[in-house]
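Residue numbers (the working numbering), protein chains in the order written: chain A, 71 to 554; chain B, 2 to 107; chain C, 5 to 494.
Where is the CB? At the ideal position from N, CA and C, for every residue including glycine.
Just so you know, these numbers come straight off a predicted model, no measurement behind them.
Structure, as C-alpha cells:
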Amino acid sequence: MAEPAASPHETIIGLEIHVQLKTCSKMFCGCRVEFGAPPNTHVCPVCLGLPGALPVVNRQAIELAVRAALALNCQLHRSSIFARKNYFYPDLPKGYQISQYDRPLATDGRLDFPEAKGGGMGRVRIRRLHVEEDSGKSLHDRFAAKTAVDLNRAGVPLVEIVSEPDIRSPADARAFLGRLKRALEYLEVSDCNMEEGSLRVDANVSVRPVGSSEFMTKTEVKNMNSFSQLEKALAYEAARHLNLLRSGDQVEHETMLWDPVRGEARPMRGKEEVHDYRYFPEPDLPRLEIPDETVDRLGGCLPEMPWQKEQRLVDDYGLPRYDAELLSSSRVLADLFEAVARSAPDPKEASNWVMGEVLAAANDLGLPVERLDVDPEGLAEVIGLVAEGRLSHGLGRQVFRRMIETGKSAERVMEEEELRLAGGAELEAWVREAVDGNPAEVERYRGGEEKLLAFFIGQVMRKSQGKADPAQARQALIEYLGRS
Amino acid sequence: MTIKRTDVEKVAALARLELDQAELDALTGDCGSILEFFEAIRDVDVEGATPAGALEHPAPVRDDQAEHDRLERPVAEMAPDWREGYFVLPRLPALDAESVDDDGEA
Amino acid sequence: MPGSTRPGVRELQEALRSRRLRVDELLRSALQAIAGSDASEPPLGAFLSVAGEDLLTQAANLDRALDDGDEVGPLAGIPVAVKDNICTASLPTSCGSRILEDYVAPYEATVVRRLKAAGALIVGKTNLDEFAMGSSTENSGFGPTRNPLDLERVPGGSSGGSAAALAAGLVPLALGSDTGGSVRQPASFCGVVGLKPTYGRVSRYGLVAFASSLDQIGPLARNVEDVAMLLSVIAGVDRFDSTSADLPVPAYHDALGECPEGLVVGVPREYFPDDLDPGVAAACRGALERLERLGAEVREISLPHTGYAVPAYYLVANAEASSNLARYDGVRYGMRAPGAESTIAVYRGTRGAGFGREVKRRIVLGTYGLSAGYYDAYYGTGQRVRSLIARDFERAFAGGVDVIFTPTAPTVAFRLGERIDDPVAMYLSDVFTVTANLARLPAVSIPVGRVEGLPVGGQLLARQFDEVTLLSAAHALERAVGDAAGSEEG
C-alpha cells in the first residue's frame, strides 16, 4: 500500500463513533443489557416496538452521556430534544430510531491526543455528542436465504460522537481513538469493547493536495472491528483515493465496507436508495433537561483524565512511566495506589504491591478490583513490615491475602495465624533438615558449586512455608554448611 | 402545494407501500385535492411563531434497573415466522453478499 | 339491559350493592344485547370482539364479594366497552386494520389495568376507523358501524363503535380515543356524552398511536356524571407514559354540582359560520340561552386562527402517523404478505395489502410532509400554526372566559357512503374539534338538541387540566337542556 503522506497530498479523516453506555437496563425500557444472551430473551413491549408501547428515559444513560460530554470538553446543552430517525430495517422494530438531531445533548468539544509521529499533541474538535438507542441484530448467515432478527440489543443506550475532519493520518486516527477509549473506560462510561460492539467506528476519508483548504469528495468506511483494522482500512482507502486522483479519475461519494480478511474495502451494494431519514421531534418524549444537581455532581469541574493522572503519578510519586500508565488505566487502581502510597514507606513499593499482589488477588478470586475488600492502610502496614524485615515478601503476601479474605487487620492475621518470621531454634531446625536431607547437593556445594546455595534457601523457605526470612536463612545456611 | 404521480411513487417507495396502478392514480388525485385544501395555511403569518410540540414538563427519568420483561405471552406466539428463537424473514440469496454491514445503522 | 330506562352507572352500582341486581345478570344481559345488535339486518357492527367465559368467572367473583359485603372497586361489575385500538391481553387489538387482524397484544394498556383494578368488566372491543383515521367508522377493515338512531347513517368516528354501543344501550360506559374529535364527534352523532381530556391527563401507554402529540383516550357515557366517574378511574400520571402529567386527580364525579357561579362562557364567532347547518346552529343557540338562564355570562369571543386548524391538524397528524405506522412491517407481529421472497417484498406487500385507502393516503401525505425539502413547508408550518391556535385560546382564557362553547360538528350524522369518496368533505367533519387537540385542551360533547330526530352535540372547552370546571359546566348544561336533547330512547 502506498503511503499517502509521502506524496504532496494529505489525508483528511473524520470519525463517527458509537459508544455503548454501561447501564444495567436499556435506554427506554427496563430490559436487561447483556451481551451474548439467547436471542430475543431481553425484550418487552417497548423494545419490540409493539403497538401502543412508549419510551421512558433511563437516568443513568443520560448521566453517562453527560460525563462523556464533559470529558470531551463539550458545550453541554441543558435542554435537548429527542428526534425520530425514520428508516426501515428488520432489526429496527419501530421503523424509526429514537436519536437526537438538531438539538443534541452536547456540541463543540475537543480532545487532545499524542500524535503518532513526532511526539507532539494533536487536537480533534468534536462536532456533536448525542444520545440514541441501538438497533437489534440481523443475522444473514443463520438460516439459508433468510434474515434472522435478534432484538436483545434493540434499545441499548448509545452515544454517538462525531468529530470534525481534523485527523490527518490513519495512525493519528488510531492514536486519537485510543485516547478517547481510555477516557471513556476510565470514566466508566463504556466498556469500549470493539469485538463485542460496545465501541463502533465509522470514518469519513478524503485526500487533498497539501496546502489546499478545500475538501474533496469523501467516502465513508465501515466495519472495522479493531484498532489495527481501523488503521489498515483508512490507509487502504486513502491510497485508493490518491490513486484515483493521480490517474485523473473521480472519487465516488459512497459507503465502503472494510473486509478484514481480504484486507480491502468494497463499495456497499444494494443501498442505492438515497436516505431520507425524515427526522422530526419525538412526540412521545418531552424535552430532555439536565438538572443543576446532575451537572454539579458530575462535573462542576472536569474529572482528572487518565493521562493527567499518569503524569501526576510520575511527577508526584516518582513512578516509572510504565507503572504510572498501568495504574492510571483504571480509576479504582489509581485511587487505591494513592491511598496506599499515603502511608507506605515508598511509592514504588506501593506501586509494586498494587500492580502485583492486588491484581493477582483479584485474578485468583475472580473479582474486579473494586470488589476486593482492600484496606489501603492495612496494605501500607504490610509493605512497611516487609520493608523493616519483620515479614518476608512471601509472608507479607500471605498476610495480605488473609486480610482480604477475612477483613481482619494485619496484626490480627499475623497473631491468629502465626504468620511471623521464624528465627532461632525454628530456623535452625529447617536449615538442618535442608542440609542433612540433601547430601548429594551438600557434596557438590562443598566442591565449589556455590550457586547451590539458592537451592538450599528454597528448601528452607518451603519447609518453613514462607515463615523464614530468606536473608536470615541464607546467613544461617552459609554458617551451617561451613561448620561441618 | 401539489403532488405529482412520480412524487407519490417516490414517497410510497420510501414508506414501503406497494401500490398498483389504479391505486397510484387514485392516491395521486386524492392527495392532490387534499394538498390543495391545505394550501389555505400559506396565508398564515407564522413569522415569530415557535413550533408547538414542547410540553411544560421535562422528560421524566427512571432508575437504571433491569425489570422483568413485561410480556404476558411468549414472543414466538405473535411472530409470523419464528425459528430457534429468532424472528425470521425471507431474503433473496442474491443479496447475501452484501450482508456484512447489515447490522443496523446505529 | 334490564328494564328500559337505561340506568346510569350510579343506579347500577346501587342495584348491585343492594343485590337487587347481580353482576352475572348485568353482564349476561349486556353480552346478549351485543349479540342481538349484530344479529339483526343490517348489523349494528359496534363490536369487533366480545369477551367470553373468563369474564363470567370475574362476574361470579364479584358477586361473591358483593354477597359477602367485601370492599369492591368503584366500577365493580359495570360493563365497559373499549375501543379496539387500546391494548387488552385477553381480547384481540386489531385497530380496525387487516394488518393487525387476529393480533392479541401481550400486554395491557394502563387504562385497561386501571379499569380492571376498579372492578370494571371489559365486555368487548369496539369498531373504529382503521387506526382511528376517519370520522365515520366506515374506514374499518372489518365493516362499518351504523348509527343506532338511524341505521342508514354513520355513528361518526373514529370511536363510532363505542358511541353506537352506548346509544344502542348495549353498555353504560365506553372508552374511545380522540386525536381530532374521534370521541366528541361520534358522541354528538349518537346523542351521548364524550370527553377528550387534557393531553397528558390520561396515560397513552397501550393506546395504539395514530398521532402521538394529539392522541388522548377519553370516556364516553350516556351522561356527564358517568363520564366523570370513568375519568376518575383512568386519569393520572403513569410511569410508562412520559407525556402523562404528574398532577393530582380530583374525584370528578363528586365535583359536579350546580352551575359554577359567575361562569363566563365564551362563544367564538368563527365556530358559527354562515354556512353552519341551521338546525345545529339553532340547537346551540338554544343551549346558550339555557346557560344564560342558569346565571352564566355568555360572551362573544374571537379565535382568529380557527380557519387554519384543519390543515394544521392534518399536516401534524399525518406526519406523526407516517412514522407511528412504520412498525407494521410483517416482521414481528400481525399480518405478513404471503409469498414475499425478499425483505423489501415483505414490507411492501404487507403494508400494501394490510392498510386501507385512507391510511395509505395519510402515510403518503405524512411521509411527503417530512421528506427532505418539504419539512418546513409542511410539518414545520403545521406545528407553527398549531402554536398560534393554542395562543388564541390562551388569550381567550386570560380574558376571563372560563369555558368556551361551540357546536361539536357542523352537521348531524350523515349517511353512509355520503363522504367516503371525498376526503376533504370528510376532514371538514372535524373542523370544530381539532382545535382542542392542537391546543391540548379538555373538551366535552353533550347532546343539546335534535334536528329531525338526529342528535346535535354542543362542545365545551376549558383550560388545560381544568376538567372540573369543564364537567361542572357540562353537567349544568345537561340538566338545563334536559329532555330536549338526546337522552331519550333512540
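For K364/C, the neighbours in chain B by C-beta distance under 7 angstroms run, in chain order, L18, L28. Excluding sequence positions up to five before and after G77/C, its CB lies within less than 7 angstroms of the CB of A121, A122, G123, all in the same chain and listed in chain order. About 6 angstroms separates the beta carbon of K87/C from that of L132/C, a gap short enough to meet the 8 angstroms contact definition.
Taking 8 angstroms as the cut-off, the beta carbon of L16/C is found closer than this to the beta carbon of P176/C.
From the beta-carbon of R412/A, no residue of chain B is found nearer than 8 angstroms; the closest lies around 33 angstroms away.
For E75/C, the secondary structure class from DSSP, reduced to helix, strand or coil, is coil. Beta bridge pairing from DSSP links L358/A with S150/A. Secondary structure note for L429/A: it is in no beta strand (DSSP E), and the uninterrupted alpha helix (DSSP H) holding it is 429–435. At the C-beta level, S192/C and G160/C come within 8 angstroms of one another. Annotation for K533/A: the continuous alpha helix (DSSP H) segment containing it runs 523–534. Every unbroken stretch of the alpha helix (DSSP H) spanning 4 or more residues and falling wholly within the stretch 87–165 of chain A is given here in chain order: 129–141. As a beta-bridge residue in DSSP terms, N274/A pairs with G84/A, E290/A. With fewer than 16 other beta carbons inside 10 angstroms of its own, N263/A counts as exposed. Excluding five sequence positions before and after T97/C, the CB atoms of its chain that fall closer than 8 angstroms to its own CB belong to D88, N89, I90, C91, L104, Y107, V108, A109, K129, V212, given in chain order.
Residue pairing by DSSP places V116/C opposite no residue, since no beta bridge is assigned to it. Chain B places no beta carbon closer than 8 angstroms to that of L224/C, leaving this residue out of the contacts. Taking a C-beta cut-off of 9 angstroms against chain A, the contacting residues of the stretch 47–67 of chain B are P52, G54, A55, L56, E57, H58, P59, A60, P61, V62, R63, D64, D65, Q66, A67, listed in chain order. Neighbours of S166/C in chain A, taken as residues whose beta carbon is under 9 angstroms from its own, are absent, since the nearest beta carbon is some 17 angstroms off.
Cβ-Cβ separation between V197/C and V231/C: approximately 5 angstroms, consistent with a contact (criterion under 8 angstroms).
For K216/A, the enclosing beta strand (DSSP E) covers residues 216–220.
Using a CB distance below 9 angstroms, no part of the stretch 143–165 of chain C faces chain B.
If the five residues before and after I548/A are omitted, its C-beta is found closer than 8 angstroms to the C-beta atoms of L523, all from its own chain and listed in chain order.
For the stretch 233–290 of chain C, not one full-length alpha helix (DSSP H) segment reaches 4 residues or more. Between the stretch 527–534 of chain A and the stretch 493–511 of chain A, the count of C-beta pairs closer than 8 angstroms reaches three or more; the two stretches touch. Residue-level contact by beta carbon holds for A41/B and chain C, with a gap shorter than 8 angstroms. The C-beta of P91/B comes closer than 8 angstroms to at least one C-beta of chain A.
In the three-state DSSP reduction, F350/A falls in the strand class (E or B). Along the stretch 69–87 of chain B, going in chain order, the ones with a CB nearer than 7 angstroms to a CB of chain A are D70, R71, L72, V76, R84, G86, Y87.
Distance between V505/A and Q529/A, taken at the CA atoms: about 9 angstroms. Shown in chain order are the members of the stretch 203–229 of chain A whose Cβ falls below 7 angstroms from a Cβ of chain C: T217, V219. In the structure shown, S233/A adopts extended strand secondary structure according to DSSP, grouped into three states. Look at E345/C here: in three-state DSSP terms it is coil, with no helix or strand label.
Q468/A is classed as buried because its beta carbon has at least 16 other beta carbons within 10 Å across all chains shown. Contact between V116/A and F105/A is absent: CB atoms are separated by about 20 angstroms, not below the 8 angstroms threshold. The CB of L15/B comes closer than 7 angstroms to the CB of D346 in chain A, given here in chain order.
Following the DSSP letters along the chain, one finds Y306/A in no beta strand (DSSP E) but inside the alpha helix (DSSP H) bounded by residues 297–316.
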